[in-house]
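Step one of this worksheet: look at the structure below.
Here you go:
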């Protein structure tokens with residue numbers, strides 16, 4: 011299995027961050043067109059000190075951006091963390107999505123083990139999910155999830 015972990019620079023705007031990610035992705039796929047999965051880091055867009063300003067609606071623009079990359083470049087993709095407010099929850103979640111090569115959402119993993127300040131603002135996930143593909147199975151651990 012070949013995994014590409016993209017570590018983009020975080021620019022002041024999402025637009026700049028998205029452009030950098032796509033540039034890096036193109037280079038990665040030019041050098042290795044047999045990549046099985048591409049993964050973004052937990053944080054790949056700018057952070058605004060006021061937590062609510064970082065939130066997106068469920069399946070918002072970061073979701074749509076990563077989904078479009080998976081489809082356009084025909085590569086399985088893990089989104090990195092997205093802070094999203096869901097209609098049915100009081101507090102938002104820190105969520106990672108997995109998309110197949112067609113840009114179809116296979117599933118999502120909510121961060122389970124929230125770090126100190128995150129507990130005040132976010133809802134923790136409950137279960138570690140197993141994602142399956144024709145070639146492999148895996149789980150997504152978001153930051154502090156690896157420590158437990």
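Numbering (the numbering used here), first residue to last: 11 to 158. Backbone N, C-alpha and C fix where the C-beta goes; we use that ideal spot for every residue, glycine too. This structure is a prediction, so every number in the text was calculated from the model and none was measured.
Proximity test, Cβ basis, 8 angstroms: residue i and chain D
i, result
"residue 101", "You won't find chain D in this structure, because it holds only one protein chain."
Cβ-Cβ distance between residue i and residue j below 8 angstroms
i, j, result
"residue 132", "residue 141", "no"
"residue 47", "residue 106", "no"
"residue 81", "residue 117", "no"
Buried or exposed (CB count within 10 angstroms, at least 16 for buried), residue i
i, result
"residue 157", "exposed"
"residue 121", "buried"
Spatial neighbours of residue i in its chain, beta-carbon cut-off 8 angstroms, leaving aside the 5 residues before and after
i, result
"residue 44", "12"
"residue 170", "Lying outside 11 to 158, the shown extent of the chain, residue 170 is not represented and no answer is given."
Residue i: first and last residue of the uninterrupted beta strand (DSSP E) it sits in
i, result
"residue 105", "103-109"
"residue 150", "Here residue 150 belongs to no beta strand (DSSP E), and DSSP marks it neither H nor E."
Chain-order list of residues whose beta-carbon lies under 7 angstroms from that of residue i (same chain, five-residue window excluded)
i, result
"residue 65", "93, 94, 95, 102"
"residue 79", "32, 35, 87"
Extent of the continuous alpha helix (DSSP H) run through residue i
i, result
"residue 120", "Not the alpha helix (DSSP H): residue 120 falls in the beta strand (DSSP E), residues 115-120."
"residue 130", "128-131"
Cβ-based neighbour list, residue i, same chain, cut-off 6 angstroms, excluding 5 preceding and 5 following
i, result
"residue 24", "55"
Exercise. In chain order, which alpha helix (DSSP H) runs of at least 4 residues are fully inside the stretch 42-111?
Worked result: 71-83
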